[in-house]
Each structure stands twice: as C-alpha cells, then as structure tokens.
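Residue numbers (this note's numbering), protein chains in the order written: chain C, 1 to 272; chain X, 1 to 279; chain D, 1 to 325.
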C-alpha cells in the first residue's frame, strides 16, 4: 500500500518558487506567444550531420551585430560635417575612453563581416544549398552581400581624411560612368555637382540608417527562410537528410525519383 | 501531380524536400544546444579576431609613436585631413574593393572604361543573383558538379589574383619620388652632373609610366629605366627622343617633353645616360 | 457565454473616501496657482481628512467588519482552465463563422487601397523629391577671383589652388593649371587670353599632376594672395604635360589625352577679366583641342562627369544628363 503523504514544506516551497519563476514567462506567452516562438526556434530539429562550415552564417550575423553596436556608439561622438568630421575621428581615436577600441572594432569588424559573407556564400555554393526550395534565400543572401559592400563604400568616406575623400571621389565617379542613369546616380550620391558637406551627410545617412535598415530587414527574411526551409546536410554525408532512405537502401538503387533525377542532367552542368 | 511515366523534375524536387523534412524530423538533432554550441564557439572566435585586430591596429600605430598618422602593422589610424585641392595623392579603397580597384587599371583604353567600372561588376552580380535558376539540378555532391566546381575555383582564383595585384599595385607621386633621389645617387653612383637631371626626372611625371630602381608605376607598360645608360644611346638621341618620342620611335605613346626647354632636357639626358644600374 | 449577463460589480461600490481624496488633491494643486497660502491649505486639509476616511474603509475587512462583495460570476470549469503552456501558442483569430456575415465589399476594398495609396503618395512624393531632386539640379554658378592678371607672367604655367565657394570653405578647394597666353586678336579686338585647365582627371576624377618641376625646384616664387574668394595660391610650374597617378592617364599641355584610360581631354574653366583681375567661371568639358595657347580651337561640350564620353559611339550611353549651366 502506498500511503499518500501530504507534501512536505520543502516540496511546497519549491513548487511555489517554480511557479513564481515561470510566472513572467507564462505571462508573456499568454499575451504574445513569443516564448513559444523562441522555443520553436531553439528546439527545432536540424540534420544530425551539420558541419562546422555551417556556423559561418551565424558568425556573419555576430559580426553584423558588432558593427551595429559599435556604430551606434561611434555616432554619439562623430560629427558629419567637413569641418568637424576629421577632428571628431581624431578625438574618438585618441581621447575618448576606449574610443580607439570601438572605432577599431568597427573598422576591422567591417573587414571581418565582408570576409565572413564571402566565406558563407562559398559554403552555400559548395553545399549546393541554393537549390530548390532555397533559391529565394540565395537571392536574399546576394542582396545582403551587395548591401554589405555598400556599407563598406559609404562608411569609408566618413573619417574625411585624404584616403577617404579621394577613394570616394573615384567611387562616386565610377558609378557615374554607368550608362544612362549613371550621371544621375553619381549626382544623387554627391548631393549635387560637387563633393562637399552634402555628400558627407548623404553618405552618413545612407551608412547609418538606409542601408543598415535594409540589411536588418533582409536578415530577418533570411532567418525566417532558414527556419522555414531548414538547414541542408553536407552533400557528402552518408546520412544526409533527404538523400538516403531510412531503410538503408543506397540512393543509387532507390527506385523512381532519385534514379530519374540523376539521369536528368548527367555529365555536364545541367541545362545551364 | 506527376502524370504516368517519367515524373517531372519539379515533382522529384518536391518529393526530395518532403523526404528531407521527414528525415530531419526523425533523425535530426535539436538546434539548441547541439548546433548552437558550434555557432557560439565560432562567434566567439569572430569577436576575438575583431578585438585582436583593433588592438594590433591601435598599438602598432599610435601606441609607441603617439601619432595616429603612423603606419602601424595594419596601417595608420587616419591619413592626413582631406584636401580637395591636392595634386599629390593617389586614393585607395578598403582592401575588399581591391579587385574592383584593379579592374580599373586593367581597362586602360578609353573605350573600355565602363566595362571595368560598372560593366563587369554588374554582370557578376546578376550572374550571382540568377545562379539558382542556372543550376537547377538536384545534385549537390561536388564530384557530380564539375562545372560548378571549376567555376568556383576560377572565381576564387581571379578574385585572389586581382586583390593581390591591387594590394601590390604601385603609384608614383612627384612629391614622394623626389625623396628617393638620394638613394638613386648612392646606389647608381651618379656623378654630380647627373643630380639635377635626377631631380627633374623625379618631378616630371616620368615615373607615372616608367620604373626606376623599383620606384614608379608600370601601369602603361613602359620600359624600366634603371640601367638605360648601358644601352649607350647618346645625349643627342636622348634629347631628341624626349622632345618628340614618336618622331624618333614611331608609334611610341610617350608624350612630348619639349616644353621643359633644351637646358632641362639636356640635364635629363645626362641623368639617363649615367644610369647604368646599381653598382 | 454572453458577457452581458455577468457584467455586474464584484467589488464594493466606490465610496466617498477616494473621491474626496482626489478632490482634495485637485484643490491643493489649483491653490498652488491661485493662492498657495489659503486654498492649498484647505485642499491639504480635505486630502488628509478623506485619506483617513479612505484608509478606514479599505481596512474595514481586516478590522473584522463584514464587507459585501458580489462574487465574480463564471461558469464552473471555465475559470479553472490552466494557463496556456509556453509551448502552445494559438492565433487569436476565431474560426470563421459558417455563412458570410461580412460579404466582401468591393467599395470598402477599393477605398482602403485607394486611401493607402494616397497616404503613401503624400509621404513618398516629398521625401523622394527631397532625396532625389538634388540629382537633377544644375551646377552652382561660381566666380573665383584669382587676382590681377599682371601677376601672371606671360607664357608661364601656374598651379592655382583656390576656393570655389568661400561659404563652403576648404571643402570647395580646387586646383587648376593656368597659363597666361598674352593678348590675342582672335575675335577682332585685343583681349587677354588664358588657358585654365581643371586638374580633375577625365577618367575617374583623381587629381591630375603637372609633369614637370614646380616653384622651389625652379627657384621661382609662389604667389599667395587673399581675394574675395579667400586664399589663392599660384605656384609656377613648367609642365611637359599632365599625368594622373591613379590609373596612368596622360595629357599634353593643352589637356588632350595622349595615353591611358581617360575618355576625353581635361575639363576647362571659363574666365572673364574683371577690372584687370582674372575671374574663373563655370567649368566645361572638352573633347580635344587643336592648336595651342591663344590660337587653340577647343571642342567644347557641356560639363560632364569623369568617365563620360562626349564624342564617339559611346556618347549615346550618356544621352540624359543632369542640367549644367
């Protein structure tokens, strides 16, 4: 016979504490469903054979977050006028407490961000992860790459030193050589006929608000598509998800679908 | 839906994705913590690298020298303030634009300028965008995607080469070239009579096309002049050639230097004749 | 369950305590403006009295008095439903009713979209205009005083640096190569002639340099003066031509392209002589120059950006240009 003993005081206290700890989460969940969403994101299944190379995407995101945070702080000290820009950069680098670190992280974080974008793209290319049904996410990724490069271009002018100024002159004029719309594009970037104060504020606004906003939106779409469509297994994996049947039949012998698919574009790069 | 007989490619792709979803459901691992642990480790590496670069940059440039203009291991913290009226500056983009920067140097004919500026970069961007619609096979294994692998290797190689060429590309600035004149005098044991010519050579834009003792740019493929004197062309020839290069040497793209005046051309000619290579 | 049925108070009706308290606070605050001494004091007193009344009412239950509270009415079971587990989140939309209660109204649809378009237009037009319009604005007219023409030796080249627009300061500093060609009678009367070549490369806008010795090497003095346009510097130079260090563009002394990637000759400045002073006017583009100095025949085009062809087949790539003066 099992006698049901009344719960001990310690048990009761523990339960109460648990309830108290869970209360804010339950409160939030009941009103927003956010907890469930995050839980779904964290505990969703990914293929069992994912690879270290598949961490490059999240590493790129980390680099972007570093850029966003350091950029916001730099904006508190930076002055986007031709008279003050250079001295404010000097001030940030040489006088503001840890300013050199924040500016250094922003400057070098840009390079790391770009490198990681290229590496991540290379990984996706090698894994063939851009294929059905992930075509749209590849396109979003390419747009992110272009936006990232634009961030590099617009940010380069801001210190308003010789390198910054003349590299931007060439960069803007380079856009100006595009047929038909080029001259207008160049004049839009310059904010007029000559490079000057308006050019600096144009680049500042693009660098601070317009392009980062676009990148943020594209990243959200990118992540949504990753969560919706899942992560691919490495193509060489023996147990790649979707490739090998669970019952152990090698995929070459798999009847119907795979067999016909392999014959589809054998020998060359497909219907390129 | 597939009709009888061979299934359509799109049905195969859909079936494969369906299998993928089932496989992941059955045999997959939860993203947290299994995959996310790796992500976190990688992110830590990334942040460490960023902080490390920032630190090296600061402490090799400003640190020991107390001057943000000092060229540290990773370059100066800032260059001189912008001078829109300068006549002695060569701009350079950030390193990840070097491949585009070098494209500009490759297209050195007026009719092809826009290929290097916007043509090729935009074609590449469009190719990247439509890649999933060019390569529509389901195959993902590298051994079965020879075209893709070759294309990737070629792309990486050409980007690397262009970036490297851009990083090592040399420019010549009159204001900087004149600083190397003493080292020329020393290395080539130039006589006193050749010194005015050497200075003139340094400031007259000769190094925009020619190289001399490693100084100068070879953008347009003009010959190196370090030991032009060993050819014993003679003062008169040098003067005539400088006056009108295409008269002496038909088809030469070198501009005329006649407007420097006879006296200066003679100085230049003496310098060139005395340039017999490092001795 | 119909909410109306249960819409009854489940707490005691509000009493005089909090109302009086609030009234007291209001009187005290109004008194601060009208008459702090008297009215505020009265307000304060009212506040204190009603605070006491309120406190007694609120603690009635604790002090053992019975308080009549009407219970909140719920159907059994519904009120005891457990909180939703954090994993399950349901969309808040109720399932659709059988039968269309709200038949689609074409009118509402059209007006919603229409109003949205109006809002979008009202916001977009000024913003886009503000952002894009400068791309269609013309070059600012400027005139730059370079000082008396007698300062410039005939036949001598100078590297002139000046501010295009003194209001913009150093940002508008530009450089041009200036040569005094002496007096010409080309247009039937005697007038001074100058060659004024911009140092903006016609390839991609890098700073072009003079190929030749300048001031200190020549042993000649640089002219520095301050005119209406701020500081002006004229450094003597003997150029064999002009060259761009960026991508190797080469020009002769008239600004004609001789080698490298530039798509046309160097741009020039218009000029006028005003009270014996040389004044630079707007820039224009040049395809090529025949002859030299005062006798030069300049193939003039309107001011174009670097890298834009003004002649040849490629000029059809740039048919539309932002307006220039």
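All residues carry an ideal CB built from backbone N, CA and C; glycine is no exception.
Asked, Found
"Tell me the DSSP secondary structure of residue 78 of chain X in three-state form.", "coil"
"What are the partner residues of residue 286 of chain D, as DSSP defines its beta bridges?", "D:300"
"With DSSP as the reference, please indicate the residues paired to residue 209 of chain D in a beta bridge.", "D:243"
"Should residue 211 of chain D and residue 204 of chain X be called a contact, given that it needs their Cβ atoms to be closer than 8 Å?", "yes"
"Give the interface partners of residue 25 of chain X over in chain C, defined as CB-CB distance under 8 Å, in chain order.", "45"
"State the CB to CB distance for the pair residue 149 of chain D and residue 266 of chain D, rounded to an integer number of angstroms; the pair is presumed to be in contact (CB under 8 Å).", "Actually they do not touch by this definition, with Cβ atoms about 22 Å apart."
"Hey, out of C:15, C:189, C:146, C:45, whose CA is closest to residue 131 of chain D's CA?", "C:189"
"Out of X:259, X:200, X:270, state which residue places its alpha-carbon closest to the alpha-carbon of residue 238 of chain X.", "X:270"
"In or out: residue 252 of chain D buried (at least 16 other Cβ within 10 Å) or exposed?", "buried"
"Could you pull the DSSP bridge partners for residue 231 of chain D from this structure?", "D:226"
"For a test of your reading of the model: does the CB of residue 190 of chain X fall under 7 Å from any non-hydrogen atom of the ligand SAM? Yes or no.", "This structure simply doesn't include the ligand SAM, nor any ligand for that matter."
"Give the C-beta separation of residue 49 of chain C and residue 240 of chain C to the nearest angstrom, bearing in mind that I take them to be a contact with Cβ-Cβ under 8 Å.", "7 Å"
"Are any of the Cβ atoms in chain X nearer than 8 Å to that of residue 238 of chain C?", "no"
"For residue 101 of chain X, which residues from the same chain have a beta carbon less than 6 Å from its beta carbon, with the 5 sequence-adjacent residues on both sides left out?", "93, 166"
"Near residue 28 of chain C, what residues of its chain come up, given a Cβ to Cβ distance below 7 Å and the 5 sequence neighbours on each side ignored?", "34, 35"
"Kindly indicate if chain C contains any beta-carbon less than 8 Å away from that of residue 105 of chain X.", "no"
"Since I believe residue 255 of chain D is in contact with residue 310 of chain D (beta carbons under 8 Å), could you give me their beta-carbon distance rounded to a whole number of angstroms?", "In fact, because the Cβ distance is near 13 Å, the residues do not count as touching under 8 Å."
"Could you tell me the boundaries of the alpha helix (DSSP H) in which residue 148 of chain D lies?", "Here residue 148 of chain D belongs to no alpha helix (DSSP H); instead the beta strand (DSSP E) covers 144–148."
"Using the C-alpha atoms, what's the distance from residue 68 of chain C back to residue 238 of chain C?", "40 Å"
"Count the other CB atoms within 10 Å of the CB of residue 236 of chain C; is the residue buried (16 or more) or exposed (fewer)?", "exposed"
"Secondary structure at residue 193 of chain D, three-state DSSP: helix, strand or coil?", "strand"
"So for residue 176 of chain X, helix, strand or coil by DSSP?", "helix"
"If you measure from the beta carbon of residue 261 of chain D to each beta carbon in chain C, is any gap under 8 Å?", "no"
"Could you name the residues of the region 273–301 of chain D whose beta carbon sits closer than 9 Å to any beta carbon of chain X, in the order they occur along the chain?", "none"
"Which same chain residues, not among the five before or five after residue 230 of chain C, have their C-beta less than 6 Å away from its C-beta?", "none"
"Chain D beta carbons: is any one of them nearer than 8 Å to that of residue 83 of chain X?", "yes"
"Quick check on residue 108 of chain X - is its C-beta less than 8 Å from some C-beta in chain D?", "yes"
"Could you tell me how far apart the beta carbons of residue 186 of chain C and residue 305 of chain D are, in whole angstroms, since I believe they sit closer than 8 Å?", "6 Å"
"Mind pulling the chain E residues with CB within less than 8 Å of residue 57 of chain X?", "Of the protein chains in this structure, namely C, X and D, none is chain E."
"Give me, in chain order, the residues of the same chain whose beta-carbon lies closer than 8 Å to that of residue 60 of chain X; leave out the 5 immediate sequence neighbours on both sides.", "72, 73, 74"
"Which residues, in order along the region 71–99 of chain X, keep a beta-carbon less than 9 Å from a beta-carbon of chain D?", "81, 82, 83, 84, 85, 86, 87, 88, 89, 90, 91"
"Would residue 182 of chain C pass as an interface residue toward chain X - the criterion being a Cβ-Cβ separation below 8 Å?", "yes"
"Express the C-alpha separation of residue 77 of chain X and residue 168 of chain D in angstroms, rounding to a whole number.", "27 Å"
"Tell me where the beta strand (DSSP E) around residue 256 of chain D begins and ends.", "Premise fails: residue 256 of chain D is in no beta strand (DSSP E) and is neither H nor E."
"Would you call the region 183–192 of chain X and the region 107–116 of chain X in contact, with 3 or more CB pairs under 8 Å?", "no"
"CB-CB under 7 Å to residue 230 of chain D, same chain, minus the five flanking residues each way: which ones, in chain order?", "163, 166"
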